[in-house]
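A.B. asks:
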Amino acid sequence: MVKQTDAQSEPQEQTKIWNFMFISIFFANMVMNLAQYMSNALLAIYADSLGASASAIGVLMSTFAVSALLFKVVSAPAMDTYNRKYLVAGAMVTMTAAFLGYSLSQSVPSLIAFRILQGCGQAFGNVCCLAMVAETLPKSKYGAGIGYYSLAQVVAQASGPTVGLWLVSQIGYHLTFAFNAGVMLLAAFLAFKIKIRYKRTKKLKITLNNILAKEAFLPATVLVFIIMAFCVVNSFLVVFANEQGVGSDISLYFTVSAITMIFTRPIVGKLTDRFGFVRVFTPALFCDVISFFIISVSHTLSSFLLAAFLASFGFGACQPAIQALAMKCVPNERRGAGSSTNFVGMDIGNLLGPTFAGLVAQTFGYRIMWRVMVVPLLIAIVVVIIFKRKIACIEASFLATQRSH
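If you count the sequence shown from 1, position 57 lands on 109 in the numbering used here, and the numbers rise without skipping.
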């Protein structure tokens, strides 16, 4: 087995969430996601400025998810074999090259090529960070720890697009993408500073068992349905808000969403540690269900903002709880496969959600679409209720290993 341990394994670190390694991974991950969200917000409008058709822009944006999904065939086994510190740093250098490529691109085909390269880096980046951070957390505070860790992505998601668009207005697309490359290079530098003790004890072997952890299929399946619904917000909310005459102010939806997640994720994480996954997850996801119904009947900005609060509270509670459960399902030496399985679930949800929702919207309209997309959320709730005993056993077994040590 491969042993990848860190300072957290020492006695003085076992009760602390904010230990040195956790802080190092947190900031490296935040800077990496900041650069990614800055670029993701710009690619579509940059391609449009180059004269790309709507279908070409769709291919450009979806290429990333497909690429990230395919490269996980290699990333998961590699993470359970090699030093994760160098893998995540290498992933960030790869994405640096992709952003430099964007800054030099003058055509959509070249953008697509570098988008594939970015997906390759992404297959290692976030997946590897989650696997590493899972090892730093005390098991009695796992939910709270993952909740705090997920704030790195929330901060990047809230600020990245705004910063990116402002930079474009000041220095143009090419220099903005070059700036993003510099930010990603900073993330790589921070990753190199992560202190991790590592000893390789097996060779790289690419098998289905090393790519996906069947132990983590349950949380990954639940995540597919949640992401199917939640990603529809990013895909169609602005279009729907424009139809209702509030498009000029709908950016406030995402501001309220980010602020809600920042405050609720650590709190809900602590509740998960105290009361268990099922008792927190089920009512939280019902908040998402209610928010979709509110959006479907919204005509005013205030109703959209109420939906933003409820949706972000629900998703903000559910996503880190599922990530924590996925990590609880696997032993330390299979963190890479467990993390990969979690993100594969997310990738599948991101691929299926907009496609299915788009077909519903085209056939029945946006109002019906929001109501239909409640169905995946209800399926997720049903799955959790059906398997609540299995989930309780996973949590009990995880805590038992702490007491045995």
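In this text, a Cβ means the ideal position worked out from N, Cα and C, and glycines have one as well.
(1) Given a threshold of 16 other Cβ atoms within 10 Å of its Cβ, counted over all protein chains shown, does Cys180 qualify as buried or as exposed?
(2) So, helix, strand or coil for Asp340, using DSSP?
(3) With burial defined as no fewer than 16 other Cβ atoms inside 10 Å of the residue's Cβ, what is the status of Val291: buried or exposed?
(4) Could you say which of Gly321, Ser162, Arg386, Leu260 lies nearest to Tyr134 if we only look at CA atoms?
(5) Return the first residue and the last residue of the alpha helix (DSSP H) that Gln222 is part of.
(6) Kindly list the residues whose CB is nearer than 7 Å to the CB of Tyr201, restricted to its own chain and excluding five residues on each side of it in sequence; keep chain order.
(7) Am I right that Val83 and Leu189 are in contact with their C-beta atoms under 8 Å? What's the rounded C-beta distance?
(8) Quick check on Phe220: buried or exposed, where buried means 16 or more other Cβ atoms within 10 Å of its Cβ?
(9) Please classify Asn294: is it buried, with 16 or more other beta-carbons within 10 angstroms of its beta-carbon, or exposed?
(10) In whole angstroms, what separates the C-alpha of Leu102 from that of Tyr225?
(11) Where in the stretch 316-390 do unbroken runs of the alpha helix (DSSP H), each at least 4 residues long, occur, reported from the N-terminal end onward?
(12) Indicate whether the contact test is met: 3 or more Cβ pairs, each with one atom in the stretch 115-128 and one in the stretch 164-179, closer than 8 Å.
(13) Kindly indicate which three-state DSSP category Ile258 falls into: helix, strand or coil?
(14) So, do the stretch 191-198 and the stretch 320-340 have three or more beta carbon pairs nearer to each other than 8 Å?
(15) Using CA coordinates, which residue listed in Glu447, Ala150, Val285 is at the minimum distance from Gly405?
(16) Since Ile302 is in the alpha helix (DSSP H), which residue starts that stretch and which ends it?
(17) Residues in the same chain with beta-carbon distance under 7 Å from Cys445, minus the five sequence neighbours each way, listed in chain order, please.
(18) Note the first and the last residue of the continuous alpha helix (DSSP H) segment covering Asp100.
(19) Tell me whether the beta-carbon of Leu289 lies closer than 8 Å to the beta-carbon of Gly401.
(20) Note the first and the last residue of the continuous alpha helix (DSSP H) segment covering Ser467.
(21) Take the Cβ of Leu327 as the centre, count every other Cβ of all protein chains shown within 10 Å, and call the residue buried at 16 or more, exposed below.
(22) Would the beta-carbon of Ala175 fall within 8 Å of that of Ser114?
(23) Just verifying my parser: in three-state terms, what is the DSSP assignment at Ile420?
(24) Distance, Cα to Cα, Leu227 vs Leu377?
(25) Can you tell me whether Ile69 is buried or exposed? The criterion is at least 16 other CB atoms within 10 Å of its CB, across all chains shown.
(26) Cβ of Gly366 within 8 Å of Cβ of Ala336?
(27) Can you check which of these residues, Cys283, Ala150, Phe315, Ile347, is closest to Val298 by C-alpha distance?
(28) Taking 8 Å as the threshold (C-beta atoms), are Ala87 and Leu163 in contact?
(29) Identify the continuous alpha helix (DSSP H) that holds Asn286 and give its terminal residues.
(30) Within its chain, find whatever has a CB closer than 8 Å to the CB of Leu112; leave out the 5 residues flanking it on each side and keep chain order.
(31) Look at Ala233 and Phe306 and say whether their C-beta atoms are less than 8 Å apart.
(32) Just tell me which of Met379, Leu270, Ser355, Asp340 has its CA closest to the CA of Leu362.
C.D. replies: The short version:
(1) buried
(2) helix
(3) exposed
(4) Arg386
(5) 194-244
(6) Phe78, Val185
(7) Actually they are not in contact, since the Cβ atoms of Val83 and Leu189 sit about 21 Å apart, beyond 8 Å.
(8) Checking the displayed sequence, the identity of residue 220 turns out to be Val instead of Phe. Classification of Val220: buried, given that the 10 Å Cβ count is 16 or more.
(9) By the 16-neighbour rule on beta-carbons within 10 angstroms, Asn294 is exposed.
(10) 11 Å
(11) 329-348, 353-380
(12) Judged by Cβ distances under 8 Å, the stretch 115-128 makes contact with the stretch 164-179, as three or more pairs qualify.
(13) Secondary structure of Ile258 (DSSP, three-state): coil.
(14) yes
(15) Val285
(16) Here Ile302 belongs to no alpha helix (DSSP H), and DSSP marks it neither H nor E.
(17) When the five nearest sequence neighbours on each side are left out, no beta carbon in the same chain lies closer than 7 Å to the beta carbon of Cys445.
(18) 72-101
(19) The Cβ atoms of Leu289 and Gly401 do not sit closer than 8 Å to each other.
(20) Absent from the structure is residue 467, since the part of the chain shown begins at 53 and ends at 457.
(21) At residue 327 the sequence reads Phe, which differs from the Leu that was named. So Phe327 ends up on the exposed side.
(22) no
(23) helix
(24) 41 Å
(25) buried
(26) yes
(27) Ile347
(28) no
(29) 269-295
(30) Leu95, Ala96, Ala99, Ala104, Val160, Leu163, Ile164, Arg167
(31) no
(32) The closest CA to that of Leu362, considering only Met379, Leu270, Ser355, Asp340, is found on Asp340.
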